[in-house]
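Asks:
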């Protein structure tokens with residue numbers, strides 16, 4: 004009897020497993036053959052699911068975004084106040100700091116590769132940002148797009164600070180500072196949050 008394969012699930016498994024391979028070598032340096040070897044599949048199998056390295060990476064980026072949104076959603080839903088949600092979100096970042104370091108480096112590497120290659124920087128970055136910001140708006144109940152950009156810039160900046168060799172970030176302290184700043188800002192501008 005032939006083996007029944009759930010192709011969508013298998014494709015997602017390949018994507019998730021490829022994350023560490025991309026992170027280890029970088030987008031520009033790794034080849035489809037190396038990815039196939041690392042995944043222990045044939046190159047033909049890999050091309051069956053992904054027509055190019057760029058297509059594989061872009062689908063990986065979409066999958067990572069979806070997984071990030073799901074992780075933060077499940078974590079933040081337990082918080083009743085903005086301060087609790089901020090603390091929970093920062094705790095998740097701290098627990099998975101290595102993942103977020105790798106993700107940040109990969110996105111920078113891909114961006115640099117696109118620029119050096121003379122290609123237009125992927126529209127996917129814009130889509131990822133828009134999806135993440137929409138999820139934050141929904142989760143936090145903050146109806147101010149500039150404030151959402153500020154929050155994402157702060158969290159991205161904290162990751163970069165650690166990468167630059169700054170002392171280990173105290174995420175609990177940063178969460179408290181951010182929630183205090185958010186509450187003052189919302190109050191000053193008569194904006195609502197759940």
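Numbering (this note's numbering), first residue to last: 4 to 197.
Yeah, the Cβ is synthetic: ideal placement off N, Cα and C, and Gly gets one too.
1) Kindly give me the distance between the Cβ atoms of residue 63 and residue 21, rounded to whole angstroms, as I take these residues to be in contact under 8 Å.
2) Taking the alpha-carbon positions, what's the residue 156 to residue 135 distance?
3) Can you find the residues in the same chain that come closer than 6 Å, C-beta to C-beta, to residue 116, ignoring five residues on each side of it along the sequence?
4) Rounded to the nearest angstrom, how far is the Cβ of residue 38 from that of residue 24, given a contact under 8 Å?
5) Taking Cβ to Cβ, would you say residue 149 is nearer than 9 Å to residue 140?
6) Taking the alpha helix (DSSP H) that residue 169 falls in, what are its first and last residues?
7) How close, in whole Å, do the beta carbons of residue 167 and residue 97 come, if the pair is a contact with beta carbons under 8 Å?
8) Cβ atoms of residue 178 and residue 86: under 9 Å apart, would you say?
9) Using the Cβ count rule (16 or more neighbours within 10 Å means buried), how would you classify residue 33?
10) Which of helix, strand or coil does DSSP assign to residue 51?
11) Quick check on residue 99: does DSSP put it in helix, strand or coil?
12) Do you know whose CA, among 151, 128, 189, 100, lies nearest residue 171's CA?
13) Using the rule of at least 16 other Cβ atoms within 10 Å of the residue's Cβ for burial, across every protein chain shown, is residue 176 buried or exposed?
14) What does the Cβ neighbour count give for residue 152, buried or exposed, with the cut at 16 atoms within 10 Å?
15) How would you call residue 11, buried or exposed, if buried means at least 16 neighbouring beta carbons within 10 angstroms?
16) Would you mind reading off the limits of the alpha helix (DSSP H) that contains residue 71?
17) According to the Cβ coordinates, are residue 181 and residue 89 closer than 9 Å?
Replies: On the basis of the data shown:
1) 6 Å
2) 12 Å
3) 30, 31
4) 5 Å
5) no
6) Per DSSP, residue 169 belongs to no alpha helix (DSSP H) and is neither H nor E.
7) Not really, about 17 Å apart at Cβ, beyond 8 Å.
8) Yes; because the gap between Cβ atoms is below 9 Å, this pair is in contact.
9) Result: buried.
10) helix
11) coil
12) 100
13) exposed
14) exposed
15) exposed
16) 56-79
17) yes
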